[in-house]
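Undergrad:
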Amino acid sequence: MSTFPPGMSGAGDRPPTADQQEYRSGAVVRPDDETPLAREAAEHVTLARRVTSITELPRPAQTRVFVVANQKGGVGKTTTTVNLAAALATKGLRVLVIDLDPQGNTSTALDIDHFEGTPGVYEALVEGEPIADLVQDCPTIPGITVLPASIDLAGAEIELVSLVARETRLDKAVQSYLRTREDAGDRVDYVFIDCPPSLGLLTVNAMVAGREVLIPIQCEYYALEGLGQLLRNIDLVKAHLNPALDVSTILLTMFDARTNLSSGVANEVREHFGSKVLTSNIPRSVRISEAPSYQQTVITYDPSSSGALSYLEAAREIAESPRAQEKR
Ligand SMILES: Nc1ncnc2c1ncn2[C@@H]1O[C@H](COP(=O)(O)OP(=O)(O)O)[C@@H](O)[C@H]1O
Ligand SMILES: [Mg+2]
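Residue numbering for the sequence shown follows numbering that gives the first Met the number 0, beginning at 0 and increasing consecutively.
(1) Whole angstroms are fine: how far does the CA of Arg38 sit from the CA of Ile150?
(2) For the beta strand (DSSP E) that Gln217 lies in, which residues bound it at each end?
(3) Should the region 86–97 be called in touch with the region 187–196, which here means at least 3 C-beta pairs below 8 Å?
(4) Is any beta-carbon of chain B found at less than 8 Å from that of Gln217?
(5) Is the beta carbon of Thr296 closer than 8 Å to that of Asn82?
(6) Write down the C-beta distance between Ala85 and Ile298 rounded to the nearest angstrom, noting that I regard them as a contact closer than 8 Å.
(7) Check this for me: beta carbons of Pro147 and Tyr176, under 8 Å apart or not?
(8) For Tyr300, name the three-state secondary structure that DSSP assigns.
(9) Does Ser52 pass the burial test, meaning 16 or more other C-beta atoms within 10 Å, or should it be called exposed?
(10) I need the straight-line Cα distance from Gly225 to Val134, nearest angstrom please.
(11) Check for me: the beta strand (DSSP E) holding Tyr310 runs from which residue to which?
(12) Which residue wins for smallest C-alpha separation from Ala307, given the options Lys326, Pro321, Arg283 and Ser320?
(13) Could you tell me the alpha carbon to alpha carbon distance between Glu21 and Thr45, rounded to whole angstroms?
(14) What does DSSP give as the partner residues of Ile143 in its beta bridges?
Structure, rendered in structure tokens:
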């Protein structure tokens with residue numbers, strides 16, 4: 000999908016994307032007029048064709064562990080976690096989702112039990128129970144396994160402080176689980192760890208367990224505030240606890256192509272982070288926000304909606320990036 004519609008700031012600065020060339024060559028449905036709505040409709044058709052033509056995505060060279068982090072609440076961490084997981088799983092990949100937020104919204108969207116007392120990430124982190132004994136399979140999407148979070152996790156942030164190896168407990172548990180799956184001939188392709196909106200010990204545990212940080216950035220005013228602090232924390236973890244960690248992926252969420260504000264934020268983020276920013280932006284979409292109330296991801300709730308298509312496209316970019324074939 001083109002990021003900047005013609006005529007909006009930034010559009011003239013870069014060569015046309017493959018989509019734009021295809022569009023201009025008339026290879027796609029071409030509306031008579033050039034209104035933003037018509038353009039959006041045409042882009043939707045092009046994206047739908049491309050996304051549905053792909054039935055399988057390539058497996059990575061080794062398991063990729065993503066930390067979905069941003070200490071701001073409401074920027075789309077949980078939405079991104081569950082929808083990327085669903086997108087990759089529906090294209091044949093095996094995904095482990097770790098819900099590290101006591102709110103348990105990730106568990107809800109994936110239709111996983113997480114009422115108080117449900118064993119989950121708390122038991123893995125604080126009590127050292129093996130993840131294999133705590134995971135549940137997502138009932139609606141084959142290929143997704145979930146380590147749920149319940150409200151019990153709220154106490155973990157404080158309880159962890161007095162435990163030995165408090166920053167590396169999740170890493171040990173995850174590595175051991177991944178080995179078990181690999182030994183059983185059932186290697187996990189992608190792990191997504193959905194962080195709480197803070198930079199405390201839970202998020203540090205995620206950053207030690209992960210190799211790649213995925214930062215969702217909401218295309219709103221103030222979006223970039225606090226990003227510096229997040230990046231400094233990532234550098235600290237990298238320097239002291241996990242040299243392999245880096246920010247590999249930025250995803251622009253709640254993008255509204257019709258507002259200058261969204262385009263302005265997107266421009267600024269792309270200038271700063273360059274190729275780390277995925278080409279596909281996630282639009283602001285009612286279908287995306289409705290899906291969790293039906294214990295669903297938008298990928299299953301409304302697969303042909305613009306929200307589902309953009310997450311499928313983002314998943315394709317992630318799976319096809321050169322990084323996926325690196326062995327590190
Ligand atoms: N692209 C989107 N369009 C519309 N609503 C969205 C979108 N992404 C997220 N939301 C909604 O915004 C709210 C916050 O998103 P969420 O993923 O829970 O953020 P976080 O996990 O960072 O706190 C939720 O109600 C979610 O449904
Ligand atoms: Mg969340």
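Beta carbons are placed, not taken as given, at the ideal position from N, Cα and C, and that holds for glycine.
TA: Let me spell this out:
(1) 45 Å
(2) Glu211 to Gln217
(3) yes
(4) Absent from the structure is chain B; it holds one protein chain and no more.
(5) yes
(6) 4 Å
(7) no
(8) helix
(9) exposed
(10) 33 Å
(11) Segment Ser305 to Glu319 is the alpha helix (DSSP H) holding Tyr310; no beta strand (DSSP E) there.
(12) Arg283
(13) Bear in mind that the predicted position of Glu21 carries a pLDDT of just 45, short of 50, making it unreliable; the figure below should be weighed with that in mind. When the Cα atoms are used, Glu21 and Thr45 turn out to be separated by approximately 9 Å.
(14) Val94
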